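Here's the structure, in structure tokens; my notes come after.
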Amino acid sequence: ASPTAATNASVSASDRSSVFHSWSAQGSLAPLPIAGGLGSTVWDVDGREYLDFSSQLVNVNIGHQHPRVVAAIQEQAARLTTVAPAHANETRAEAARLVLDRAPEGFSKVFFTNGGADANENAIRMARLVTGRDKVVSHYRSYHGNTGAAIVATGDWRRMPNEFARGHVHVFGPYLYRSEFWADSPEQESERALRHLERVIQSEGPDTIAAILLETIPGTAGILVPPPGYLSGARALADRYGILLILDEVMAGFARTGEWFAFDAFDVRPDLITFAKGVNSGYVPVGGVVISDPIAHHFDERVFPGGLTYSGHPLAAASVVATINAMAEEGVVENAKRIGADVLGPALRELSRHEVVGEVRGTGVFWAVELVADRDARTPLEAARMGSLKSDLLARGLLPFTAENRLHVVPPAVVTDEEARRGVAIIDEALAAL
Ligand code: PLP
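Count along the sequence shown from 1, then add 4; that gives the number in UniProt numbering.
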């Protein structure tokens, strides 16, 4: 329970009177007050516990309040809380080195940002400056962040009221369950999605396209694990037309899929990698762009026209160093992979017993359960029933992540076998009650 006299009701009331919330009409919000957390559990102000199967915004990969990360932030705060990006700083350089150690051969620099959106913003800017071209091709089923170019590169509804950046083109990516290509196998879906991508590139004019920007595994759009050949095919198209490939690893990176980078499980190497979220589990806001040698060298003698007051902030850098070291020493990436293969995946697939479950897909601690009103027609489950499911899961002690007609099962990468089983058992009960 809270050490102060605060209650759920008092915290809710003060929130409602003064906090303006993201992506919402403000009138009828009822945000759940969260007072604390540890590992895969959070609790509200009244002391009620929830198994955090959202990892907040799919970012608390190392779990809540990891003692080594908390201590590293405290130690750094005692030493130097802030420093301008133009100075050299030991902690920042160490954070960059640890990120680069996880990247493939041929990546030599990290540009730190405040989060994922501005990581994509700056990756797009680098691609435009290096190629001398303007356009960026991305998926309709994507989210890349809430800033100028990133929100217009985004494909989902959030782009439309914010479409003020130029040079963005969208394509449909592979999604076999709701194929745009009348495909009936993963191979066909991959081949046809690539054919569509190539036709759009040709029709837009290859010489006008700076970058193809893809989430390695589209996350918010539905955890759409790409079929074999799609990412390597996109790489081949980028090479054929002199286009750079940016892989957005903001949600998928740093243990979420059971890999350091989600693309490690695919036969593909990008030119630029963007990251945020899992790199330090959001303990301090941070993101960045991992830059391959030719792009890094392009700016050896040319000015990079971009910067941020908090680029490589020492508290963020200290939390990155501690997170990566703790993840490596505690086998967090391996835990996510094993839990996905041995516990979460098999248990979630069993939920297909329920008539409302249309498809279960994912890897590591990155799963989507797609819910349908009619299994044959694949009609998405209605918003009202999704709302009841969400309230019921909360009432049963599980904090869920829902998006449209999907339940995203995205616990921290440190989740234990017992917690994973308990979480899926709660989902099972809630689906039965639905
Ligand atoms: N890219 C992806 C794939 C994301 O999932 C997100 C956030 O959900 C972003 C970019 C934006 O990151 P941020 O909210 O840190 O700006």
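All C-beta atoms in this analysis are idealised placements derived from N, C-alpha and C, irrespective of residue type, glycine included. None of these values were measured; they are calculated from a predicted model.
Whose CA, out of the options, lies closest to the CA of residue i?
i    : options                : result
R389 : L411, T327, L403       : L411
Q206 : V294, I247, F185, L393 : I247
N63  : V419, V414, S28        : V414
G391 : V134, L435, I343       : L435
G136 : F111, D211, F116, A169 : D211
T95  : F270, E422, T327       : T327
P178 : L201, F168, L393, W27  : L201
T406 : F265, E333, G223       : G223
L180 : L84, A76, E195, R426   : E195
H91  : S315, E386, R357, A399 : S315
E334 : G209, S58, T11, P71    : P71
E109 : V294, V428, R353       : V294
L241 : K341, F258, R199       : R199
D432 : E354, P37, R260, L403  : E354
N12  : N126, P190, G31, V49   : V49
L398 : T383, I430, A127, E98  : I430
V324 : V134, S22, F258, V229  : F258
R129 : L36, A97, F303, S44    : F303
A296 : V254, L249, G209, L55  : Per the sequence shown, residue 296 should be read as Ser rather than Ala. Closest option to S296, Cα to Cα, is L249.
S28  : T8, R162, L55          : R162
Taking the straight line between their C-alpha atoms, what separation do you get for residue i and residue j?
i         : j    : result
R132      : V288 : 29 angstroms
N150      : H317 : 21 angstroms
T86       : A320 : 10 angstroms
D346      : T367 : 11 angstroms
residue 2 : A39  : Here the chain comprises residues numbered 5 to 438, so residue 2 is not present and cannot be evaluated.
V173      : N166 : 15 angstroms
G401      : E53  : 6 angstroms
L312      : G292 : 11 angstroms
P231      : V103 : 27 angstroms
V46       : N65  : 14 angstroms
Y147      : T420 : 29 angstroms
N284      : K113 : 18 angstroms
P89       : V204 : 39 angstroms
Q80       : V73  : 11 angstroms
S395      : L42  : 22 angstroms
A214      : L61  : 30 angstroms
A322      : I77  : 6 angstroms
F111      : P298 : 9 angstroms
A300      : A100 : 14 angstroms
E193      : F185 : 7 angstroms
S26       : A34  : 13 angstroms
A169      : G51  : 45 angstroms
R342      : T261 : 10 angstroms
N124      : A10  : 39 angstroms
V418      : E338 : 10 angstroms
A340      : L251 : 21 angstroms
N409      : V290 : 30 angstroms
R423      : G344 : Here residue 423 is Glu; the residue named in the question, Arg, does not match the sequence. Cα to Cα, the separation comes out at about 13 angstroms.
L403      : L393 : 11 angstroms
A107      : M164 : 34 angstroms
Under the three-state reduction of DSSP, which class applies to residue i: helix, strand or coil?
i         : result
G292      : strand
D211      : helix
D396      : helix
W186      : coil
G120      : helix
I430      : helix
residue 4 : Because the chain is modelled from 5 through 438, residue 4 falls outside the range shown and cannot be assessed.
V141      : strand
I128      : helix
L235      : helix
I155      : helix
V64       : coil
I77       : helix
H174      : strand
V46       : strand
V114      : strand
L55       : strand
E219      : strand
L104      : helix
L180      : helix
L33       : coil
L402      : strand
Does the structure place the segment 17-25 close enough to the segment 346-363 that three or more beta carbon pairs sit under 8 angstroms? The segment 17-25 and the segment 346-363 do not touch, with fewer than three beta-carbon pairs separated by less than 8 angstroms.
The segment 206-219 / the segment 134-152 touching (three or more Cβ pairs under 8 angstroms): Because the criterion of three Cβ pairs below 8 angstroms is met, the segment 206-219 and the segment 134-152 touch.
If we require 3 or more residues per run, which beta strand (DSSP E) segments fall completely within the segment 344-393? Qualifying beta strand (DSSP E) stretches, in chain order: 361-367, 370-378.
With a cut-off of 8 angstroms, do at least 3 Cβ pairs link the segment 338-352 to the segment 369-378? Enough Cβ pairs lie closer than 8 angstroms, so yes.
Touch check for the segment 302-316 and the segment 259-278: three-plus C-beta pairs under 8 angstroms? Contact between the segment 302-316 and the segment 259-278 is not established, with fewer than three Cβ pairs separated by less than 8 angstroms.
Please give the ranges of any alpha helix (DSSP H) in the segment 244-300, keeping only runs that are unbroken, at least 4 residues long and fully inside the region. When DSSP assignments are scanned along the segment 244-300, no uninterrupted stretch of alpha helix (DSSP H) that is 4 or more residues long falls wholly within it.
With contact counted as at least three CB pairs below 8 angstroms, one residue from each stretch, are the segment 224-239 and the segment 263-270 in contact? Per the Cβ contact rule, the segment 224-239 is in contact with the segment 263-270 (3 or more Cβ pairs under 8 angstroms).
Measuring CB atoms only, is the segment 109-128 touching the segment 153-160, in the sense that at least three cross pairs come out at less than 8 angstroms? Flag = yes, the segment 109-128 and the segment 153-160 touch.
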